[in-house]
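*Asks:* Under full-length UniProt numbering, the first residue of the sequence shown carries the number 1, and numbering increases by one thereafter.
Don't be surprised by glycine CBs; every beta carbon is placed ideally from N, CA and C.
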Amino acid sequence: MVWDPKDPWSKKGDDLDQAFKQAQGQLRNLLPTGGFRNLLLVAFTVFLIWQSAFIVAPDEEGVVKRFGIPVRVVEPGPHMKIPVVESVLQPKVAKLHRVEIGFRTDRQGRQQMIPQEALMLTGDMNILAIEFIVQYKIKSSREYLFNVADIDDTIGKSAEASMREVIGKSKIDEALTTGKAQIQQDTQELLQRILDEYKTGVQVAAVQLQDVDPPEAVAAAFKDVTNAKEDREKLINQAQGYRNDITPKAKGEAAQLVNQAKGYAQARLNRAQGEANRFLATLKEYNQSKDIISKRIYIETLEDVLPHIDKFVMDGKGGERALPYLPLDRLSKPAPAGATQERTP
Numbered sequence: 001m002v003w004d005p006k007d008p009w010s011k012k013g014d015d016l017d018q019a020f021k022q023a024q025g026q027l028r029n030l031l032p033t034g035g036f037r038n039l040l041l042v043a044f045t046v047f048l049i050w051q052s053a054f055i056v057a058p059d060e061e062g063v064v065k066r067f068g069i070p071v072r073v074v075e076p077g078p079h080m081k082i083p084v085v086e087s088v089l090q091p092k093v094a095k096l097h098r099v100e101i102g103f104r105t106d107r108q109g110r111q112q113m114i115p116q117e118a119l120m121l122t123g124d125m126n127i128l129a130i131e132f133i134v135q136y137k138i139k140s141s142r143e144y145l146f147n148v149a150d151i152d153d154t155i156g157k158s159a160e161a162s163m164r165e166v167i168g169k170s171k172i173d174e175a176l177t178t179g180k181a182q183i184q185q186d187t188q189e190l191l192q193r194i195l196d197e198y199k200t201g202v203q204v205a206a207v208q209l210q211d212v213d214p215p216e217a218v219a220a221a222f223k224d225v226t227n228a229k230e231d232r233e234k235l236i237n238q239a240q241g242y243r244n245d246i247t248p249k250a251k252g253e254a255a256q257l258v259n260q261a262k263g264y265a266q267a268r269l270n271r272a273q274g275e276a277n278r279f280l281a282t283l284k285e286y287n288q289s290k291d292i293i294s295k296r297i298y299i300e301t302l303e304d305v306l307p308h309i310d311k312f313v314m315d316g317k318g319g320e321r322a323l324p325y326l327p328l329d330r331l332s333k334p335a336p337a338g339a340t341q342e343r344t345p
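1) On a Cα-Cα basis, can you pick out the residue from Ile127, Leu48, Arg104, Val56 that is closest to residue 364?
2) Taking the alpha carbon of Gln203 as the reference point, which residue from Ile183, Ser141, Ala181, Thr301 has its own alpha carbon closest?
3) Does Thr344 come out as helix, strand or coil in the three-state DSSP assignment?
4) Drop a sphere of 10 angstroms on the beta-carbon of Val46, count the other beta-carbons inside from all chains shown, and report buried for 16 or more, exposed for fewer.
5) With a threshold of 16 other CB atoms inside 10 Å of the CB of Ala339, please say whether the residue is buried or exposed.
6) According to DSSP, what are the bridge partners of Arg72?
7) Who are the near neighbours of Leu209 in its chain, counting only those whose CB is closer than 8 Å to its CB and skipping five residues on each side?
8) Starting from Gln90 and walking both ways along the beta strand (DSSP E), at which residues does that stretch end?
9) Is it buried or exposed, Lys169, if we count other Cβ atoms within 10 angstroms and call 16 or more buried?
10) From the DSSP output, which residues share a beta bridge with Asp211?
11) Short check: CB of Glu86 to CB of Val56, under 9 Å?
12) Helix or strand or just coil, what does DSSP make of Val225?
13) Between Thr282 and chain B, is any beta-carbon pair separated by less than 9 Å?
14) Any idea what DSSP makes of Lys234, helix, strand or coil?
15) Within a Cβ cutoff of 8 Å, which residues of the same chain sit near Gln18, ignoring the five residues on either side of it in sequence?
16) Assuming Val212 and Leu176 are in contact, meaning their beta carbons sit under 8 Å apart, how far apart are those beta carbons, in whole angstroms?
17) Let me know if Ser294 comes out buried or exposed under the rule of 16 or more other beta-carbons within 10 Å of its beta-carbon.
Here you go:
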């Protein structure tokens, strides 16, 4: 028996060649003469159209580059470009971007302070750990993409410098209490001026303070100082409240006394004037009939001087004929309440 090494492989090779030739024949039958070239041409045309067309989303702007140089900016919608030669960058101009200064947030949402950025010196020589964020939007896509290499790092460094300048002009009490809003506004304005000078193409939307605290090493002592200041403010407010309560009362009482005095003075003045007018009127009548007025004044004076006593008035002739009478029975009786016993001469 002679061993033929081609025997086991030659049959398989013949089958493969035959199958390949059969496939080529079927392809020729499907495509007419020159059809393969036409298919390649159609595919190339579709490829060129696919490379030429692009769509810009509503929240984006399209920056077209030609050989790496920006040539135009297009609005949202479908557009065309030169394939291979031109490319498109589509930054999101409506998105609110965020830069953290003084701290970083990891993927789990945990925040970690960066002391090199957070520690700042106030105008009254106190140290504060300040953590804040900067929110911005893209206002010029061309400047944003091509004028600055690392835009977020540039904004972070500029924001840190702006905050240090503003904090350096502020006192610690302002940074911790009522001055936060003004610090945010001043920092935003200064940061915007710096970024405009760099031509970064961004618009600062907000600067928000997250945490403003003293360093951990002096936190306890600083807390005691803060509590003392709060107690002082509380006592001042209490004193002002007491003053606001007692002052109107004192003013009201003083006004009442003044009004009473004025009323008393006016009453005395009116009474004196009335008595003077009465005296003048009596004097006028007295000058007209002196005897009658004299007797009337005498009788009225007796009524005032000798109250609660029976009195009888008799003219001169009648008195001469009357018999003097002393009522001894009446003298033994007690006088009525409030009455004084007086004897007539």
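*Replies:* In this structure, then:
1) There is no way to answer for residue 364, as the model of the chain reaches only from 1 to 345.
2) That would be Ser141, whose Cα lies nearest to the Cα of Gln203.
3) Its pLDDT being 41, under 50, Thr344 is placed unreliably in this model, and the coordinates cannot settle the point.
4) Exposed, by the Cβ-count rule.
5) For Ala339, the predicted model reports a pLDDT of 47, less than 50, meaning its position is unreliable; a value from the coordinates is still stated below. So Ala339 ends up on the exposed side.
6) BP columns for Arg72 point to Val64.
7) Closer than 8 Å at Cβ, skipping near neighbours: Ile130, Glu131, Phe132, Lys180, Ile183, Gln184.
8) Neither: Gln90 is in no beta strand (DSSP E) and is coded neither H nor E.
9) The residue in question, Lys169, is exposed, as its Cβ has fewer than 16 Cβ neighbours within 10 Å.
10) Asp211 is bridged to Glu131.
11) No, the pair does not count as a contact, with Cβ atoms beyond the cut-off.
12) In the structure shown, Val225 sits in a helix (DSSP, three-state: H, G or I).
13) Of the chains in the structure shown, none is chain B; there is only one protein chain.
14) Note: Lys234 maps to helix in three-state DSSP.
15) If we look at Gln18 and ignore the five residues flanking it on each side, it has no Cβ neighbours.
16) Right, the Cβ-Cβ distance comes to about 6 Å (below 8 Å), so this counts as a contact.
17) Counting Cβ neighbours within 10 Å, Ser294 comes out exposed, since fewer than 16 surround it.
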